[in-house]
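Okay, so here's the structure we're looking at.
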C-alpha cells in the first residue's frame, strides 16, 4: 500500500497541493468567522458568510465544468489557488489598515468562493488520470485522510494564531496557498480531455443530465446535500464557542477540528479496510449517525461531550463522502468528469456554505441550540425519505459494479 501511494510522484504532489490548500482554507475560515461574529454579534451575519461564499459557486456551476473538461486541470487549480492567496493578502492589508470594513471582508469571501468554484472540480477530475481505476477507492480514502489531517491542523492553527491577530492567520494562509499553487503546477502533464462535441450550452448541461439519469449517483449526491444542509453545525460554531461553551478562539479551533479528527480516523480505517459490500445500506446508516451526533452537539453544554459528538459526526460523514466520491468517479466517463464534478461541487457547496446560511437564519429565529437540533432531526427524516425515493442506492452492494473486469 505504501509503495502504491508514495511510488506515484504525481499522486503525491496532488495530495500535497490539495492538503496545503485545505489547511490554509480552514485555518483562515476560523479567522473570518470569528472576526465577523466578533464585529457584529449576529448569527445571521455569520450565516451570511456562507451564502456569500456559496453564491459564486452556484452561479458558475455550468461554466466551471466546461472549463475543467476543455483545459489543463492542473493550471486551472494553480491559478485559482493563486487568486485565493491574493484575496488573503487583501484581508491581511484590511486588518492592518481597516480600510475595507465588513463589506470588504465579504467581497474577499466572494472572491475566494469564485476561485474555489473552479479549483474543486478541476482537482476532482484530475485525480482519476493520476491513478489506476483499481486503486482509485484506496487513493480516494488516502487522499481524504491527508485532506482531513489538514482540516484538523488548519482550524487548530487558526484558533491559536488568532490570538496574535487575524493578520497573522491571513498572511500564513496566503503563503500556504502559494505553496499549493507551485506544487500542483509541478505535476507532470496528463492527457488533456478532448473538447466535448456540441454547443457550449448543450454540453454544459451534460453533467446535470448524466447525474439525473443515474439514480445511484443522484441519490448519493442529493442525500449528502440535504443531510448536511440541514444538519451542518459548523457555521454556528463561533456562537457555541463564545456564548454557549465559553471556550474562546482556541476552543473554536478545536471545535472546527473535531469533525476532521473523526473523519481522519475513519479514512485511515477505510484505507486499510476498504468498503467491499453493502455500500448502500452503509451510506444510509452513516448519515443517520451524522444526524444523531448533530442533535447531541446541539444539546451539549459540556466542551468534552461536544468534541466527542463532533468527532463521531466527522467519522460518519467520511463514510458517506468516500462512498459518494467513489461512485461518481467510477461510474462517470472521463470526458464528463469535469462537468459532473462541477455539479457535485455545487451540491457540496450548497450543503456546506448554504447550510451555514440556513443555520444562521434558523439560529436568529430558534436560537443556536434550536437550529442545530432541528437540523439533526431533519437529517434523520431525509434518511428515511431517501431510502424510499432511491431504492437502487439503498440496495447497492458494491462500489465497483459486478461486471467490472477489475473484480
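Numbering (my numbering), first residue to last: 1 to 407. Where a beta carbon is used, it is the ideal one built from N, C-alpha and C, also for glycine. The model shown is predicted, which means the values in this text are computed figures rather than measured ones.
(request) Report buried or exposed for residue 27, applying the criterion of at least 16 other Cβ atoms within 10 angstroms of its Cβ. (result) buried
(message) Can you tell me whether residue 246 is buried or exposed? The criterion is at least 16 other CB atoms within 10 Å of its CB, across all chains shown.
(response) Its Cβ having fewer than 16 others within 10 Å, residue 246 is exposed.
(request) Consult DSSP for residue 16 and reduce its assignment to one of helix, strand or coil. (result) The answer is helix: DSSP assigns residue 16 an H, G or I state.
(message) Less than 8 Å between the C-beta atoms of residue 91 and residue 80, yes or no?
(response) no
(message) Please identify the residue among 14, 287, 218 whose C-alpha is closest to the C-alpha of residue 77.
(response) 14
(request) Please name the residue in 235, 253, 116 whose C-alpha comes closest to that of residue 162. (result) 253
(message) Please identify the residue among 189, 44, 17, 24 whose C-alpha is closest to the C-alpha of residue 367.
(response) 44
(message) What does the alpha-carbon distance come out to for the pair residue 407 and residue 130?
(response) Its pLDDT being 34, under 50, residue 407 is placed unreliably by the model, and the measurement read from it follows with that caveat. Each residue's Cα considered, the two are about 20 Å apart.
(message) Could you compute how far the alpha carbon of residue 85 sits from the alpha carbon of residue 60?
(response) 20 Å
(request) Let me know the alpha helix (DSSP H) ranges lying completely inside the stretch 366 to 406, each 4 residues or longer, listed in chain order. (result) 391 to 395
(request) Count the C-beta pairs between the stretch 261 to 277 and the stretch 295 to 314 that are closer than 8 Å, then say yes if the count reaches three, no if not. (result) yes
(request) Count the C-beta pairs between the stretch 17 to 25 and the stretch 326 to 338 that are closer than 8 Å, then say yes if the count reaches three, no if not. (result) The stretch 17 to 25 and the stretch 326 to 338 do not touch, with fewer than 3 CB-CB distances between them shorter than 8 Å.
(message) In whole angstroms, give me the CA-to-CA distance for residue 74 and residue 82.
(response) 12 Å
(message) Out of 57, 322, 358, 341, which one is the CA nearest neighbour of residue 408?
(response) What the structure shows of the chain is the stretch from 1 to 407, and residue 408 is not part of that stretch, so it cannot be assessed.
(message) Do residue 291 and residue 369 have their beta-carbon atoms positioned less than 8 Å apart in this structure?
(response) Contact flag unset, no.
(request) Quick one: using the 10 Å Cβ neighbour count with 16 as the cut-off for buried, is residue 128 buried or exposed? (result) buried
(request) Please report the residue range of the alpha helix (DSSP H) in which residue 206 lies. (result) First-last of the alpha helix (DSSP H) with residue 206: 206 to 213.
(request) Name the two residues that bound the continuous alpha helix (DSSP H) containing residue 182. (result) 166 to 185
(message) Among the candidates 339, 307, 285, whose CA atom is the shortest distance from the CA of residue 317?
(response) Ranking the options by Cα distance to residue 317, first place goes to 285.
(message) Can you look up residue 247 in the DSSP assignment and give me helix, strand or coil?
(response) coil
(request) Please determine, among 33, 89, 116, 25, the residue with the shortest C-alpha to C-alpha distance to residue 54. (result) Selection 33, 89, 116, 25 evaluated against residue 54 yields 116 as nearest (Cα-Cα).
(message) Let me check understanding here. Comparing Cα to Cα, which of 16, 88, 337, 230 lies closest to residue 150?
(response) 16
(request) Within its chain, find whatever has a CB closer than 6 Å to the CB of residue 279; leave out the 5 residues flanking it on each side and keep chain order. (result) 323, 396, 399
(request) Could you tell me whether the Cβ atoms of residue 31 and residue 158 are closer together than 8 Å? (result) yes
(message) Can you tell me whether residue 273 is helix, strand or coil according to DSSP?
(response) If DSSP states are grouped into helix, strand and coil, residue 273 belongs with coil.
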